[in-house]
Structures are given as C-alpha cells and as structure tokens.
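Residue numbers (the numbering used here), protein chains in the order written: chain G, 1447 to 1934; chain R, 18 to 677; chain E, 44 to 343; chain U, 3 to 220. Data block below; observations after.
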Amino acid sequence: MILALLLSPLIAGAFAYVLRPDGPRRMLLVATAVGHALLTGATWVHDPAPAWGGWLALDAMGQLILSITSGLFLACAVYAAGYLGREGHGTRTDIGEGFLFDNAPEATFTACLLFFLAAMTLVTVSQRFGLLWVAIEATTLVSAPLIYFHRHHRSLEATWKYLLICSVGIAIALLGNFFLAVAAAGGGTPLPLVVQDLVGGASGIDKTWLQAAMILFLVGYGTKMGLAPLHTWLPDAHSEAPSVVSALLSGALLNCAFLGILRVQQVCAAAGIAAFGQELLVGFGLLSMAVATVFIPGQSDYKRMLAYSSVEHMGVLALGVGVGGIGTFGALLHAVGHSATKAMLFLTAGNILTAYRSKSIREVRGVLRVLPVTGGLWMLGLFAITGSPPFGPFLSEFTILRAMLVQGHSAVALGFLAMLAVIFVGMAGIVLEMAQGEPGMDTADRPRREPLSAVMPAIALAVVVLVIGVYVPPPLRSALERAAHALD
Amino acid sequence: MAILLAALGAPLLGGLGALLVRGSWRWATAFGVGGVVLGSLVALVPTVAALLGAPVLALSLPWDVPFGAFAVGLDALSALFVLPVLVLSTVAAVYGGGYLRAHHGDDESPGTSWFFFGLLVASMELVLVARNAVLFLVAWEIMALASFFLVTADDRDASVREAGFTYLVATHLGTAFLIAMFVLLGGGADPMNFDHFPHVTNVGAIVLLALVGFGTKAGFMPLHVWLPEAHPAAPSYVSAVMSGVMIKTGIYGLVRVLTLVGPLPGWCGWLLVAVGAASGVLGILSALAQQDVKRILAYSSIENVGIITLALGLGLVGLRAGANDVAVLSFAAAFLHVLNHAVTKGLLFLGVGAVVQQTGTRRLDTLGGLLRRLPRTGLACFVGSAAIAGLPPFGAFASEFLLYVAAYRAILALSGARALPAAATIGALALIGGLAAACFAKLFGIAFLGEPRSEQADRAREPGRAMQSGVVVLAAGCIILGVASPLVVRSLEPVLTQVTALPHDAVDGELVVAVTALSAVVASCVAFAIVAGGLAALRRRLLAGRAVTAGPTWDCGYAAPSPRMQYTGSSFSQPLTTVFARVLRVESGGAAPKGFFPARASFASATPDVAREGLYRPVFGGVRRALGSLRWLQHGEVQLYVLYVALTLIALLVWKIGPG
Amino acid sequence: MSALHTLLGLALAPLLLGVINRTKATIGGRIGQPLLQPYHDLVKLLRKGAVYSHTTTWVFRSGPLVGLAAVLIAFGLLPFAGAPALWSFPGDLVLLVYLLGVMRFVTVVAALDTGSSFEGMGASREVTFAALAEPAVLLGLAALARTTGTLSLSAMFAGVTTMAWIHAAPALALVAAAFVIVFLAENGRIPIDDPTTHLELTMIHEVMVLDHGGPDLAFILYGAALKLWLLGSLLVGVVVPVHTGRPWLDTMSAVVAMFVLAVATGLVESSMARLRLVHVPQLLVAAGVLATLALVLVLR
Amino acid sequence: MTTAVDAILVGVILTSFVLLGSSRFGSCIRVVALQGVLLGVLTLAARQDEASLRTTLLALASTGLKGIAFPWLLARALRDAEVRREVEPLVGYGPSVLMGLMGLVGALWLASRLRPPGASVLPSLVVPVALFTMFAGLFLIVGRRQALMQVLGYLVMENGIYVFGVGVVQGTPVLVELGVLLDVFVGVFVMGIAMFHISREFDHIDTERLRALKDWTP
C-alpha cells in the first residue's frame, strides 16, 4: 500500500508530462489526488505493512503529516484544475509592471505537482534518515519549477533564492546525516540509520556527535521549514508562486521539513538528550514569531503577509515541541489546524488576486461586496489563523500555552502571548481593510460569479478548520497522542 | 436542563433560518425575532426559579476537545445575569424588526444581521452558564465576533470600520488575558471544569489578569476605549444589547472568578473601589463633554459599570473586615444596579436610536423640540434620563441608595484607614450623582425640549409601532424596578448567599435592613406622587376661570429670536468641562468675531477620549516604529541570506559543541 | 411636636426671606419692604392667571409642581430642634439630598423647555454648582453620622449635643463651615448668586424661572423659601446643639437661631460682592475639602 | 594508508584556497574539477576494507559527476551566458584567503572538540578538512556576486560533506550514497537551468541585481 501511495503520483506525473490535451491532464491530476486521498484514508482503517525491509513504514507521526499533505493536495488539485483552465495559454501582461510573459508549459506544471506529491509522500513514509534526506531534497527540486510557473523576473528571483538557500540548508542536513552515522557507531557496532533501530539502541549513541547532528539537522531542515533566521526564501517564494503552489508549500511542504526535525528529536529523546533539542527549538520558535511580528504589521503585499504568518506558525510548532509535555500534542494538532487554515487563506488570496489583479493591499477594498464567499472566507481565515475560538488553531495554541505555564516557562508564555497579540493587530488591520468598505473598481469589471472550483476547495478546508475547532475526532486524537508519545 | 439548551438553541436556529431565507424580508425578520423571543420565553421560568434559589440546573456532557467538556449550570449568580439578557434581547429584537425595516428599506435583506444577533444572544447566555474554561472561552469569543459583525453592519462608513477595528483589537487582547488567566486558574485540571479547579496559590496574578481581561469587556477606565467607538457605530438595537447586557458579562466573569479563587488578598477590594471610582467619575465627565448622543450614552455605561465595580469593591472590603452588613448591602447594591442599568440603558439606547433614525443625525446640537414631535418616545426618554441620573422614584436610585447605606454603615463600622474606601465611595458616588444629573438634563433638555435646531429635527416624527412598544415597555420597567425595589432586593438573597459565602440567616438578617429602608423610600415616593398630584389639582382650581394665554418665550427684549440662539449642549456643559479641564483636555478652536461689524465667526470644540489619545495612540505608535526599524532584515540580498544560515550554524556549533 | 415643627417651618420659611431683605435694606440705609412682603407676593401670584410660551411642553408646567412636592417631602424628613422628623429611617439623609436633586432636575429641564438662551445659561450654572456642592453635603453628613453613630437624620441631629461638640469640636466646626457654603450656594445667595439683580447674564437661580408666572411662580418662590429653611435648619442643627429636656425651649432657641442665620445672611449679602463665576467652583470644592477633612478627623 | 589520505586531504585544502583566491571563472571551474577528481581518489584511498565493488562504483560515480559532469555543465552555462570572465568579488581575494585561514583554524578547533567515538578509527584530518571545505564553500556563496560562483560554492560545500562521508561513514548503503550523488547532480543541474534563465532574463548572472523582492527600501 505504501508503494502504491508512492508510485501512483509518480506514474501519473510521468503520464501528465507526455499527455498533450489539457482536459484529460487536468482530469488525471484530480483523479490522482482523489486516489491518493482514498489510499491515505485507507491507512487509517488498517495500518499498511512496512516495505523495503522497514525503510518505508508509516508510523503515527508520518501518517499525520501524510494525511495533511494528501488532503491538502486534493483541495489544491481541484483548485488547480480550475485555475489552469482560467489561466489558459499564451502571452499575458504582468499585473505588477505590465511587461509580457508566458507561463511554463502546463504539462510540466502538472507533472511537477504530481512529483511534488510523490516526494512529500516519500518524506512521510521513509524511516531511514538517508532516504528522508533524499526525499526532502527531492521536494525542493521538483517544487522549484512550480514556483517559476509565471516566467518573469520576479518569480525567477524567488525561485533562485529558494533553490540556493534551501540547497545550502539541505547540504548542511546531509552533514547532519553523516554526524548521526558517527554517533550511531558510538556503541561499537554501527546501528543502521533507521528511526526504530536508533530509538531501540539509543543507549549506545554518542551524545556529543548526536548533539552536533541535531544542530546540523535543525539548521538544515529548519531552512526548509522556514524557521527564522533561515526563513528568508519563504516570503519571496510564497508571494511569487501561483497561489495554489503557495498553499501546498505552506500547508504541506513546511510540515514535511518539520517531520524531518521531529525524527531527529525522536532519536534525541530516546538517547536522553531531549532537553538539548527542545532548548534550541524554543529559541528558533521565539525568533520565528518575532520575525513575523516585525513584518506582518504594515505589510504591503497580502501574500507576503500570509507567508510571514507561516513563519510565525512554524515558530509556534517549534515552541510546542520545545516546551514538551502536552505542548508536543498541541504542536502536532497545530500542524493540522495551521495547514488547513493557511492553505484555505492562500486559495482565497488566489481568488482575490484574480479578481483585483493586484497583490498590493492598498488596491484591494470591499472584497465582501465583490466576492461575497471569498470575502467571508478571508475574514474567517483571519480569525482562524490568529487563534480565535472556535477554530482549530485556538485549541492547539491554548494547549501549547498551557504546556508553557505548566512546564514553568512563564517568560516564554508572556512573549508568546505578546507576539500573538501584535500579529493579530497587524493582520486584522490588513484583512479588515481589504474585506470591508466600498470596492474601488466600478461594477462593470467586477467578476459576475465566483467559479465553484475556486471556492469549493476553500470552503471544504474552512469546514475542516471549524470542525477540528469544536470536535477533535477520537482517532485523530489517539494518533496525535501516539505521535506525541514518541517524542517524549 | 433540556429547556435551557432549547433556550440556547432557539436564537441560533432562528438566526440560521433568517440566513437561509434572507431572500424574503418578512420571513427573515420572522425567523430572527421569533427565535430570540421564543428562546427567552422558554428560559424565563427556569431562570427566575434559579434566581429565587431553586436547585442548580447543571449538565455535563463529554466534549472531544483538549480540556473541554460541555459543562453548563444555571445557579443564582448566572440567573441574575441571564434574566436581563432574556428581557432586553426580546425587546431589542422586536424593536430591531422595525428598526432594520426603516433603516434600509427592502434593498438589503436583514438575514445576516439576524443571524449574528441570534448568535450574540445565544453566546451571551452560553457565557453565563458555561462551567468549563474552554467552553467559556469559545462562547466568549463567539460573543465578541458576533457583536463585531453587528457593529460593522454598515461597513461602507469609514468611521464604522474604524470603530469596528478598535473594538476587535480591544476585545481580542482582553481575551488573551482571559486565556492566560484560565490557564493559571485551571492548574492541571482536565477537563477544565470550574468545579475541578485546584486550589491556586498565585491568586494575585489571577485577579489582576481577570481584572484586565474582563475589565476590557466591561469598560473599566482606561480599558474602555472601544465602548465610545463601537456603541455609536452599531445599530441602536445592538447598542442597547451590548451596553445593557453584553458588557455585564465582564462583571459576571469577574464575580465568578472571585468566587472561584480561594481567599482574596486584602488589596482586591481597594483596587476595585479605586477602579470603580475612576471609571464612574471619568466616565460621566467624558459623557458630559460629548456632543454625539450615542457617545454620551456609551460613556454613561462606563460610569454605571464603575458604580457596580465600586459596590463590588466595597463589598469585598466589608467581607475582609468582617462587616457582614456592609458586604451584603454592597453586593445587593451591585446586583440591583446590574438589573437597573440593563433596563435603563436599554431604554435610552432604543429611545435615542429612534431619534437618530428619525433625524438622521447623532449630533446633539442639531436636535431640539423633539418632545412635541415624538411624544411617547420623548416621555420614555424623560423617564430614562431621570432614572439613569439616579433620581427617585426610579430603579437606579434604589441601587445607589443601597450603596450609600452600605458606605455609611462602613463609616460607622470600620475605623481608621479601613474606612477610607467607604469615604471614597460616598465622595465618588455623590460627585457621579451630580454630574449624571447634569449630563442627562443636558441630553434630554437639548434633544427633546426647546425649538428644533435643524431641518431634520423639525421633520422628525414618531417611529413605527414596534420601536415605540420596545421603548414604552422598558420605561415601565424602570418605574416598576423602582417601586418594587424592596421585593427585588429580597429576591437577591440566594445569589448574595452564594457570592458572600455567608450563612443563610446572616444574609437574611442584613437584607431585612435594606428591605425596610427601601420600603420607607418607596413610601416616601408614593407620598411624593400624591403631593404632586394634589398640587396639580390645586393649580387647576386656581387657574380655573383665569386667563391662561400663550406667548413667545421671554427674550429679554431681543427682536426675532431664532432657534439657533438657544443654548446648545456644548455650551450647557461648558462650565463643568472647564472645571475639569485638566482631566478632559477639551480641544476648541474657531474664529472670534472682530471689528465693529464682525464678519461670520465660528467656534468648535471636541473632547477626544483621554486614554485613547494619551495612552494607546503613543504606545501603539511606538511599537509600530520600533518594529519598522527592524525591517532591513529582509533586504533581498540572497548572499546575505545565505550568510544568515552560515552564521546561525557556526554560532550554534560554537555555542553548543565548543565547550566540549 | 414633630408635626408642629413641620408646620412651623412651612409657615415661617417665607419670613426668612423677608428678614434677609429687611436686614439688607437697613444696612443700606433704606426702610425697605415690609417683613411680610414675601407672603403678599405669594398671595398676589396665586391670584394671577398664567402665560405659557408656545415652545413649552408638559415638562415646563410640571416643573414647579414636582419641585415643590419634592421639597415638601424632604421637609417631612427634616428633624428640627433635636426633635425627630415626621418620619425617618436609616439612610433618609440620602433621600433628602436626592429629593433636592429631583427639585433641581425638574427646574432645570423646565428652564431648558423654554428654549431661551438665558434660562439655558442659568440651568447650566445651576447643575454645575449643584454637582460640586453635593459631595460636600453627603461627606459632611457622613462625618455627623460617624460622630453620632447613627444613619437617620433625626437620630443624628438628636445626637449632636454639647457633649458631641466637646468630643469632636474641630470636626463639627468643619462640617458647619462646609454647610454654610452649601447653604449660600444652594439658595442662590451672595457671594455665589445675587437674587436681587435683574441682569440676566449674572443670575443663576432667578434666571431659570424667568418664564414662569402666576401660581407656578408662587410655587417656585415658596419652594425656594422652604429650601432655605431646610438647609438652614440643617446648619442650625449642627451649630446650636441646645437639647434641654424642654421641647418648647429647644424649639424657641432653634427658631431664634434660624432668624439669626437670616440676619447673618443679610449681613453677608450687604457686606460682600458677588464672586466671579469662575471662582465659585473653587469655593464649593473648598467646602468639599472641609467636609472630607472632618470625615477623616472623626474616622481616625 | 592514512598518509595517502592525508595527502589527498591537503590537496583538497589547497584547491579550496586556490578557489578563494582565483579571479577567473575558467580557472575556478577547472579547480573545482580537480577537487572532484581528488575526491574520487579519496573514495578509494579511504576505504578500510579491500576494494569492494561498492567503493569502486562510488569512486567512479563521484569522479564522473564531480570531476567531469558538473564542470562541463557549468562551463556550458558560462558559455551560454556570455558574461565577462571576471569574478567580481564582494569580498576581495586577499581578505577571502585570510577568511579561509581563519576558517581552517576554526575547523581544527571545532574538530578537536568532536572526539570520534570509541570504535570507529578515522584519519585525524578528515573532520577539520570537511568542515573547512564546507565553510569555504559557504564563503564563496556569500562572498561572490555571480550565480555561477554560487553554484561553484555550493559544489565545494557539497565536496566538504562528501569528504566527511567517505572519510568517516562506512555503514551507509550504496543506494543512499548514490541517491545523494544523484540529488546533488540534479540540484546542480536545476541550478544550471535557473542560471541559464537568469542570464536570459537579465543578460547577466549577477545576483546582486536580483533584489526586487524585499520588505525594506532604504
């Protein structure tokens, strides 16, 4: 079943690359997404058997991230099918500076989307650190063309920064792998670099090298995850990529990188130096939230605002794991809530972008009047992402805060609340400014109606956000608890 | 308990129905109003029963969220605050039916408004009965969001958007404090039900957090900034509910938390007295200085919340000092004032709302002569103004009277420094009383009496029947609460026992004092009415057969006086605002008349909120500037971005591995 | 006895005005109006018809009635010469103060009902000074309550005895001083207000009733006289604690004290000039401070 | 055995210094190629068992990629881009070399902190050289303007890690190692493409002008 999960998007991607006509290709995209989602759902019914001698296996943590990824991809695939249809082919004028540019060939785009899914699936199922590394690097490589879909200099710049910074990070993570190997050899007989074996033989792991490895992994995968000060590629990539890609990057990719860090932390915890990693995570978490606090208020581009909010929430995840205890549970729950919310927001932002043809906040007014559904979702997203009840992120942030105070990190809790407050003020100002009021555009060039493919995915995600805010299903809860248990 | 759930569900379903049939005007209104009214009717009986000390209705269902449980309970304290919600929301809903109709005809369906109104009512009730921290917070935030959307119902208007934003920020920050407070309060309890809370040690921190968090909602100075913005912006039927009952949820939360934490430190009472005195005096002073009728009412709400807080604080002082009479009387005064203010302020907002709708302006100085044009609304507003000014025989006097008695008893019972809160209470209450009388003499006198100062004031007429009925019902309520005050106080016995945790008969004994005193007051008021009637009869007999003629107002020899020569609201309050200029910071300017034949001169004055201008604007500006000065971090140079990565790596390695 | 005291007050109140005016005339070297002039005025006014402005409404007409009724009820709560009032209960002092508040409120709105700028001006000044005077009264009464250990006016003034003075002379003196200021301010006497001038711009109380005539004006004047008597007897109750067992003696002394007070007022009015309006608040705040000081003294 | 390894490692250090100091693209590319070849040899030299298929395979692959494929690819990109041949440095050559020395010292110090755990014997120079080469690569990325130099820097960095890999880690199965090489290859390939686009878009590959996206305008 794991192989099916891996191969189905891979093969579909290959087909999509060679498939000429647009219609069937889009159908293929959606169909693959549906199939993948169904398979993922099936893993909840009965656990899949490990493959490749335990290199590929699905534990609670992986299953969680896999489900997020797959569900998100389904929504995004539906959106993308409609989006590509509306984008069409041929040369178009840039909305920002008015020059002409083409899109990348749609076949390439679709194929890369599917490869992206395959790579992320590999991240979630690979138990072997080397393989994990390969998978994460692969996500970087296949997502670069996605960011460079609109072929103009800004997206190119974004792609370049994304490639360079993430590759450097990934290289550092590779060194981390080697350090881990050295550490694993500490007990004389080298342990295979498989999560379970390492956790099993944790007693024999050399502490110093493990710490060094943890640092390298944290910096390496942290670059990919967007922890400050390694986040610098993130706002550029998210603002220049097509919204559907931004949604996938923020909602799925960052979690995959987070998973990489969690795996190492799992080993650290088993080796009895959990506190070491946690201390670093708390530091990175606070720093990331601080960066978001600096750049969200007074932001001029709403997609960049969302990107920085992703940085903030990656920080929240790091903090949650960092304070440990119930906080780990909170962090994993937050990963679910944040992914759904942020993807929903990016898809909504995409609708706003297509309607107003501008990413500048100053030029967007009265969304509620021009696009009622999108506007409503936009405001709902604001309240969800800033952790207001009754939405998912509230529960997780509440849990994390509680963990902080129970574990005695009062100062951290104080900073946490303060930064959340400032970020809320900043975001609320921007979002309300956009949503309310009288739209500047005259009714003539207002879109007649909002296409279903553009709003349905967002609505579905919004429902998810609301549901996990008022009801955490027992299976999900138990999975979260098992995953959290693996980390202490 | 099922009946209570039904009461919660009815407004929700009504609202949803209204949302679904938003196409049809009539049906949307029917669903919206019907849901609220039905819910209130269902809940009325159990609420009154609980207030009178019926066994606590409680229900606890498992709820699949972390620390969550659907635990609700209706005890006397909850009932005390639920009751006004039921009454006022019903009246406001009926009024709103007419208001929305007249406000924007058929062009915009009221479905959305009704949805949020139902949501607001249900969430307020849920806040008041919730017995689980998570449930409470969820309900609390839904209440805030629903009211936010109601406030910004007319978001085409920039000032409304501004007000909405202020409100949103204020309430959200307040909620942050509450979250922290509940986390401290909850300790390790899971689920975080109120009755599972462990014995907490850091009571001081919890009380302060609660004071800020709930105070933001209740409108303590200087956390009140959102009130004078949001209340004028909101549609009047919403302002009535927000000001009449929603801000009281802050008081409820405070009292609830005070009963949850263990023995309180001594300074709590003093702090509450200080906060109450400050809110009361500054609130009514700011009200006096305003020219927007609804801002006046908003500030007066701050004043009344201050009076309630004053009473709570004095009660705590009394409890602490073992002076049970002081404690019981003070808390009785506080709770009675909660009821009184709900009715009175609701009345005023609905009445003034009718005026605003008929004249289309909120500027007091453009109104005038409305009593002749809106006789019923005007009469109701007269009652409301006299009542809110704390004059007998209306309800608010009863509660202020009780507070006075409590304070005087404290003066007798306590000595030395411990009696200072009582002295402060008397002084503050006296000052508030005088200023409130001035403020509402101004509001009523300028708006309803004299000659109209503008076209639209001249054209104003009585609003529709639905709106009139709401106003009249509440006016009757003011009088009833005054005349029946002994009974009402008597019925507060269960809630007082619950809050003061004093033995049942002790509370009873102290209440007897209050009841007898209030009965005497009522008797005097009846005598008062009789005498006034007698005098009226006397005058009729004296004037019988004599010339009763009508003429122009005595104008001291001026030829052709015009309505614009009348005293305006701002000029009426000018002496007082100059006396208190230091705290009010009135800004005025204009062109003085010059020369023998002066050209047109002008004068304008405004009183912006002191806390907003002096505290929040600078602080927020400073934060924004500080953050802005860090933006160079994202300078766009990819090499330096890589440098960040390298430096982070090296720094961590040196820091962690270097020491070996 | 109480009833008799009340009747005495109702009957003699206008005479106080007469005495004041006569004193001022004498000091001014004039014969002045007869002592009973106020009664003649009242009777004359009661015989007249009435003129109401087009602008006015029921508010204007009910003002005088409600005002007079309020002060009459307050009279019922007023102890005189150490004897209890017609009826009394703990906390009646608050009701008394607030009844005067009602009287003020209706007078003010009645004034505003005319739409005349002069009456608006008077109204605004009236509420200003009243708002500042009220704390002085209530705090002063608090000091009295503390010294006598009771909460009803009757008991309080029965409790203010020579013994009380011996124990708490400074506090009582301060209270008395505060009451003097309030007495002058609330009754619109010099140095706060000048009842005799007819330049509307300078007046407070008089200007508010410009538009009233006939029986209404009579009611107002009589109400004002009663208020004078009421506040006066509060002051006298503090300053002249004559409580011999013999009611008649007490009553006589109190009545005499009232007229001495009237004469004193006349002397003040003829020896002082009106304060500038901007200084009046300072005077009233001073009264409040005195009362607070008294309270602090008795509290320790 | 170890002497051979050490010799090669010294060679690696020297090449890195040359890179830091050299001013022309062509020479840089050639030096990187040389370094790649050195690594290929290292793969064989550092083996602790007798030459197995695995190590030879790995050696061939690495030599082929690092020594031939990448340089060729980059040279082509350079030709297509038709840029001036100078490496306009952000940090001058002298200072660069100085930084390199400091980096070397730091690497030695850090390596002294990381005592190799008990059993695994590893040549004394491996860890410091690996770290140093990595830092050198990072420095090239930061300190040079052109995208080309940054790709080169990335390669050097990768080389340092590779040094560590072959010098220290024996346990890792060949599959992963090949995957690693493949990823590096694809990475450089994609970067080459990106570079190509950049040169086409801006007719220069000077990343200093890639600065449209930022949140700060001085």
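Glycine is no exception: its CB is placed at the ideal position from the N, C-alpha and C atoms.
CB of residue i within 8 Å of CB of residue j, strictly
| i | j | result |
| --- | --- | --- |
| Leu408 (chain R) | Tyr141 (chain E) | yes |
| Met484 (chain R) | Ala371 (chain R) | yes |
| Pro1455 (chain G) | Leu1530 (chain G) | no |
| Leu136 (chain R) | Ala163 (chain R) | yes |
| Val292 (chain R) | Ala628 (chain R) | no |
| Val1569 (chain G) | Cys1702 (chain G) | yes |
| Val12 (chain U) | Leu21 (chain U) | no |
Backbone secondary structure at residue i - three-state DSSP
| i | result |
| --- | --- |
| Tyr1917 (chain G) | coil |
| Asn219 (chain R) | coil |
| Tyr421 (chain R) | helix |
| Glu654 (chain R) | coil |
| His1492 (chain G) | coil |
| Tyr95 (chain E) | strand |
| Asn149 (chain R) | strand |
| Arg379 (chain R) | coil |
| Thr566 (chain R) | strand |
Length of the line joining the Cα atoms of residue i and residue j
| i | j | result |
| --- | --- | --- |
| Ala424 (chain R) | Ala338 (chain R) | 13 Å |
| Leu1402 (chain G) | Thr1515 (chain G) | Nothing in the structure corresponds to residue 1402 (chain G), since chain G is present only between 1447 and 1934. |
| Leu217 (chain E) | Ala337 (chain E) | 6 Å |
| Val252 (chain E) | Phe172 (chain E) | 17 Å |
| Val506 (chain R) | Ser167 (chain E) | 36 Å |
| Ile325 (chain R) | Ala351 (chain R) | 5 Å |
| Pro130 (chain U) | Phe1624 (chain G) | 14 Å |
| Asp236 (chain E) | Gly261 (chain R) | 40 Å |
| Val162 (chain U) | Ile1593 (chain G) | Rather than Val, the amino acid found at residue 162 (chain U) in this sequence is Gly. If you take the alpha carbons of Gly162 (chain U) and Ile1593 (chain G), they lie about 30 Å apart. |
| Ala121 (chain U) | Gly1632 (chain G) | Reliability fails at Ala121 (chain U), whose pLDDT of 47 lies under 50, so the model's placement of it is uncertain and the value that follows must be treated cautiously. For Ala121 (chain U) and Gly1632 (chain G), the distance between alpha carbons rounds to 7 Å. |
Chain U contact for residue i (CB, 8 Å cutoff)
| i | result |
| --- | --- |
| Glu1686 (chain G) | yes |
| Gly7 (chain R) | Because chain R is modelled from 18 through 677, residue 7 (chain R) falls outside the range shown and cannot be assessed. |
Closer than 7 Å at the beta carbon, the chain C residues around residue i
| i | result |
| --- | --- |
| Gly167 (chain U) | Going by chain labels, chain C is absent from the structure shown, which instead holds the protein chains G, R, E and U. |
CB contact below 8 Å: residue i versus chain R
| i | result |
| --- | --- |
| Asp8 (chain U) | no |
| Ala207 (chain E) | no |
| Asp82 (chain U) | no |
| Arg1848 (chain G) | yes |
Short CB-CB distance (under 8 Å) between residue i and chain E
| i | result |
| --- | --- |
| Glu468 (chain R) | yes |
Residue i at chain G interface by Cβ criterion, 8 Å
| i | result |
| --- | --- |
| Pro83 (chain R) | yes |
| Lys673 (chain R) | yes |
Quick one: any contact between the region 1785 to 1800 of chain G and the region 1811 to 1831 of chain G, if contact means 3 or more CB pairs under 8 Å? Judged by Cβ distances under 8 Å, the region 1785 to 1800 of chain G makes contact with the region 1811 to 1831 of chain G, as three or more pairs qualify.
Check whether the region 464 to 471 of chain R touches the region 152 to 159 of chain E, taking contact to mean three or more Cβ pairs, one atom from each stretch, closer than 8 Å. A contact exists between the region 464 to 471 of chain R and the region 152 to 159 of chain E.
State whether the region 65 to 73 of chain R contacts the region 30 to 45 of chain R, with contact taken as three or more CB pairs (one from each stretch) at a distance under 8 Å. The region 30 to 45 of chain R and the region 65 to 73 of chain R do not touch, with fewer than three beta-carbon pairs separated by less than 8 Å.
Contact between the region 51 to 66 of chain R and the region 148 to 160 of chain R is defined here as three or more beta-carbon pairs at a separation below 8 Å; is this criterion met? Contact between the region 51 to 66 of chain R and the region 148 to 160 of chain R is absent, with fewer than three C-beta pairs closer than 8 Å.
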